[in-house]
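Peer 1:
There are 2 protein chains.
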Amino acid sequence: MLREATRRVGVSPNAAYRHFSDREDLLAAVSLHCLTLVATEIMREQAAAGAADDLGAQLDAIGRAYVHFALREPGLFRTAFAAHTDPEPGRGGEDGGLGPYGLLLDVLDRAVEHGAMRAERRPGAEVTAWASVHGLALLLLDGPLRSVPEAAREPLIDAVVRTVRDGLFRGGAAD
Amino acid sequence: MLREATRRVGVSPNAAYRHFSDREDLLAAVSLHCLTLVATEIMREQAAAGAADDLGAQLDAIGRAYVHFALREPGLFRTAFAAHTDPEPGRGGEDGGLGPYGLLLDVLDRAVEHGAMRAERRPGAEVTAWASVHGLALLLLDGPLRSVPEAAREPLIDAVVRTVRDGLFRGGAAD
DNA sequence: TCGGGATGTGTACGATGTCCACTTGTGGCC
DNA sequence: GGCCACAAGTGGACATCGTACACATCCCGA
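Sequences listed follow chains A and B, in order.
Numbering-wise (UniProt numbering), the first sequence opens with residue 1 and increments by one.
Numbering-wise (UniProt numbering), the second sequence opens with residue 1 and increments by one.
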């Protein structure tokens with residue numbers, strides 16, 4: 001893997017050690033870079049979703065973008081989240097702007113603020129949203145859903161994203 | 001990994017090839033076996049959840065059991081779903097009974113039947129449920145949630161499971 | 001009793017991640 | 001202009017891994 005990378009660059013395996021202390025370190029760098037790509041994809045899809053004050057649509061866009069990125073760049077996506085060094089420490093991204101996680105927190109906070117989501121649902125909401133799309137991406141990429149045909153994927157993504165949005169925005173109160 | 005396994009059994013590396021054609025094949029066997037363990041865990045938690053006709057509680061139990069298993073047996077869980085050979089083809093498990101997937105389909109079908117879930121929400125419901133807990137398990141195990149302290153995990157699991165249940169059972173109608 | 005299948009061993013090969021010692025090109029400073 | 005430090009790359013070596021092949025051993029049924 002490390003050797004393969006150096007081969008593609010046309011350089012000896014050891015050259016990598018001038019820039020990364022470790023195979024793990026290399027992966028971490030890729031991972032970090034990948035996060036900004038995901039953030040970009042999210043912002044594109046959020047813009048395409050229209051009305052910035054339709055928080056439901058904005059949340060959906062984040063989820064869809066996440067999975068779309070995973071499907072379009074399976075190698076990068078896998079690498080980004082297989083690196084056993086923590087990505088996503090806080091809101092910020094590599095480039096100073098918001099990372100994917102920051103974008104998600106943002107929408108959720110605004111949703112509570114604007115009354116789209118009950119405050120009691122807020123704790124753990126980001127984890128729920130993230131886990132769903134992350135799980136879906138992995139199931140589609142490497143899991144048992146690997147063989148789902150292209151055409152059947154979009155409806156699945158929609159189903160997941162809509163269900164989670166409903167759970168967050170319409171659920172709560174009545175336990 | 002293959003060599004390590006044979007070492008633990010106290011046998012030469014090649015002995016493995018008498019039983020498995022491949023490293024991949026070995027992993028697939030572990031994976032298959034693992035599914036019955038998960039199914040067992042699910043049924044235990046379902047029984048503990050009480051009333052078999054409270055479909056919400058039954059669904060929650062499945063989700064919690066899935067994540068609990070992952071946390072209790074991280075190695076097995078990782079192996080089971082990293083094996084690049086399809087687990088979970090259908091409802092059935094290794095031993096003839098229902099596998100985890102079968103148990104999930106069961107609850108969802110009954111939920112529609114008993115009117116707990118709108119029929120329009122049924123398509124993709126199993127994927128949504130599965131993806132959420134699968135994603136959560138991986139985030140907690142190897143992902144950025146790895147460092148969440150023991151005590152903070154249970155509330156997180158609850159949040160995910162409840163939100164998804166609400167999305168499935170209370171969502172829909174009003175698109 | 002004997003033959004054959006199941007199980008295991010030994011040796012070997014290519015590939016990988018990593019370590020070490022060595023070369024080379026480039027920029028700044030006297 | 002000459003020198004030196006330093007960043008970047010090379011080559012060789014090692015342990016480890018998955019795997020292939022040829023060979024040994026055990027046990028059971030005819």
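Even glycine gets a Cβ: it sits at the ideal position worked out from N, Cα and C.
Going by beta carbon distance, what residues of the same chain come within less than 8 Å of alanine 173 of chain B, once the five residues before and after it are set aside?
Peer 2: For this step, residue 173 of chain B is matched to residue 173 along the second sequence. Once the five neighbours on either side are set aside, the close Cβ partners of alanine 173 of chain B are Arg118, Glu120.
Peer 1: Going straight from the alpha carbon of leucine 26 of chain A to that of threonine 128 of chain B, what length do you get?
Peer 2: As a first step, residue 26 of chain A must be located in the first sequence, where it is residue number 26. As a first step, residue 128 of chain B must be located in the second sequence, where it is residue number 128. About 33 Å.
Peer 1: Residues in its own chain within less than 7 Å of glycine 171 of chain A by CB, not counting five upstream and five downstream?
Peer 2: Within the first sequence, residue 171 of chain A is the residue found at index 171, counting from 1. Excluding sequence neighbours, glycine 171 of chain A sits near Arg121.
Peer 1: Can you tell me which of the three DSSP states glycine 92 of chain B falls into?
Peer 2: In the second sequence, residue 92 of chain B corresponds to position 92, counting from 1. Here glycine 92 of chain B sits in strand by DSSP.
Peer 1: For the stretch 66 to 82 of chain A, which residues have a beta carbon sitting closer than 8 Å to at least one beta carbon of chain B?
Peer 2: Per Cβ criterion, the list reads Phe81, Ala82.
Peer 1: Pick helix, strand or coil for leucine 145 of chain A, following the three-state DSSP scheme.
Peer 2: As a working mapping, residue 145 of chain A is identified with position 145 in the first sequence. The answer is coil: DSSP assigns leucine 145 of chain A none of H, G, I, E or B.
Peer 1: Could you check where the alpha helix (DSSP H) with alanine 70 of chain B kicks off and where it finishes?
Peer 2: Start at 1 with the first residue of the second sequence, and residue 70 of chain B comes out as number 70. Residues 55 to 72.
Peer 1: Provide the residue span of the alpha helix (DSSP H) that contains proline 100 of chain B, from first to last.
Peer 2: Counting from one through the second sequence, the residue named residue 100 of chain B turns up at place 100. Unbroken alpha helix (DSSP H) run through proline 100 of chain B: 100 to 113.
Peer 1: Of all the CB atoms in chain B, is at least one closer than 9 Å to the CB of leucine 32 of chain A?
Peer 2: For the purposes of this step, residue 32 of chain A is taken as the residue at position 32 of the first sequence. Closer than 9 Å: no.
Peer 1: Express the C-alpha separation of serine 12 of chain B and glycine 56 of chain A in angstroms, rounding to a whole number.
Peer 2: To locate residue 56 of chain A, count along the first sequence from 1; it is residue 56. To locate residue 12 of chain B, count along the second sequence from 1; it is residue 12. If I take the Cα positions, the gap works out to 58 Å.
Peer 1: Within the 9 Å Cβ cut-off, does aspartate 142 of chain A reach chain B?
Peer 2: Within the first sequence, residue 142 of chain A is the residue found at index 142, counting from 1. So, interface residue.
Peer 1: To the nearest angstrom, report how far apart threonine 79 of chain A and alanine 125 of chain A are at their CA atoms.
Peer 2: Here residue 79 of chain A refers to the residue found at position 79 of the first sequence. Here residue 125 of chain A refers to the residue found at position 125 of the first sequence. Threonine 79 of chain A and alanine 125 of chain A: Cα-Cα distance of roughly 25 Å.
Peer 1: Under 9 Å, Cβ to Cβ, is there at least one residue of chain A near histidine 134 of chain B?
Peer 2: Along the second sequence, read from residue 1 onward, the residue named residue 134 of chain B stands at position 134. True, the Cβ-Cβ gap to chain A drops below 9 Å.
Peer 1: Give me, in chain order, the residues of the same chain whose beta-carbon lies closer than 7 Å to that of alanine 29 of chain A; leave out the 5 immediate sequence neighbours on both sides.
Peer 2: Indexing the first sequence from 1 puts residue 29 of chain A at position 29. Only Phe20 meet the Cβ criterion.
Peer 1: Looking at the structure shown, is methionine 43 of chain A part of a helix, part of a strand, or coil, going by DSSP?
Peer 2: The residue labelled residue 43 of chain A in the question sits at position 43 within the first sequence. Three-state DSSP puts methionine 43 of chain A in a helix.
Peer 1: What is the DSSP secondary structure of glycine 135 of chain A, counted as helix, strand or coil?
Peer 2: As a first step, residue 135 of chain A must be located in the first sequence, where it is residue number 135. Correct three-state label for glycine 135 of chain A: helix.
Peer 1: If we call anything under 9 Å between Cβ atoms a contact, is isoleucine 62 of chain A one with valine 107 of chain A?
Peer 2: The residue given as residue 62 of chain A occupies position 62 in the first sequence. The residue given as residue 107 of chain A occupies position 107 in the first sequence. For isoleucine 62 of chain A and valine 107 of chain A, yes; Cβs fall inside 9 Å.
Peer 1: Serine 31 of chain B by DSSP, collapsed to three states: which one?
Peer 2: Here residue 31 of chain B refers to the residue found at position 31 when the second sequence is read from its first residue. Looking at serine 31 of chain B - three-state DSSP - the assignment turns out to be helix.
Peer 1: Tell me whether glycine 75 of chain A sits in a helix, a strand or coil according to DSSP, three-state version.
Peer 2: For the purposes of this step, residue 75 of chain A is taken as residue 75 along the first sequence, with counting starting at 1. DSSP places glycine 75 of chain A in helix when its eight states are reduced to three.
Peer 1: When you compare the CB positions of glycine 99 of chain B and arginine 110 of chain B, do they come within less than 9 Å of one another, or not?
Peer 2: For this step, residue 99 of chain B is matched to residue 99 along the second sequence. For this step, residue 110 of chain B is matched to residue 110 along the second sequence. No. Outside cutoff.
Peer 1: Cβ of aspartate 109 of chain A less than 9 Å from any chain B Cβ?
Peer 2: By one-based count along the first sequence, residue 109 of chain A stands at place 109. Judged by the 9 Å Cβ criterion, aspartate 109 of chain A is not in contact with chain B.
Peer 1: Restricting to Cα atoms, I'd like to know which of A:Pro149, A:Val133, A:Leu145, A:Glu113 is closest to aspartate 54 of chain A.
Peer 2: Within the first sequence, numbered from 1, the residue matching residue 54 of chain A stands at position 54. When each option's Cα is compared against that of aspartate 54 of chain A, the closest is A:Glu113.
Peer 1: Whose Cβ in chain A lies nearer than 7 Å to the Cβ of threonine 6 of chain B?
Peer 2: Locating residue 6 of chain B in the second sequence gives position 6, where the first residue counts as 1. Under the 7 Å cutoff, chain A gives no residues; its nearest Cβ is about 24 Å from threonine 6 of chain B.
Peer 1: Do serine 31 of chain B and residue 176 of chain A come within 9 Å of each other at the CB atom, strictly closer than that value?
Peer 2: Chain A is shown only over 1 to 175; residue 176 of chain A falls outside these bounds and no answer can be derived.
Peer 1: One question on the structure: do isoleucine 42 of chain B and tyrosine 17 of chain B come within less than 9 Å of each other, judged by their Cβ atoms?
Peer 2: Locating residue 42 of chain B in the second sequence gives position 42, counting from the first residue. Locating residue 17 of chain B in the second sequence gives position 17, counting from the first residue. No. Outside cutoff.
Peer 1: Cβ closer than 9 Å: which chain A residues qualify as neighbours of alanine 49 of chain B?
Peer 2: The residue labelled residue 49 of chain B in the question sits at position 49 within the second sequence. Near alanine 49 of chain B there are no residues of chain A at all, since even the closest Cβ is about 15 Å away, more than 9 Å.
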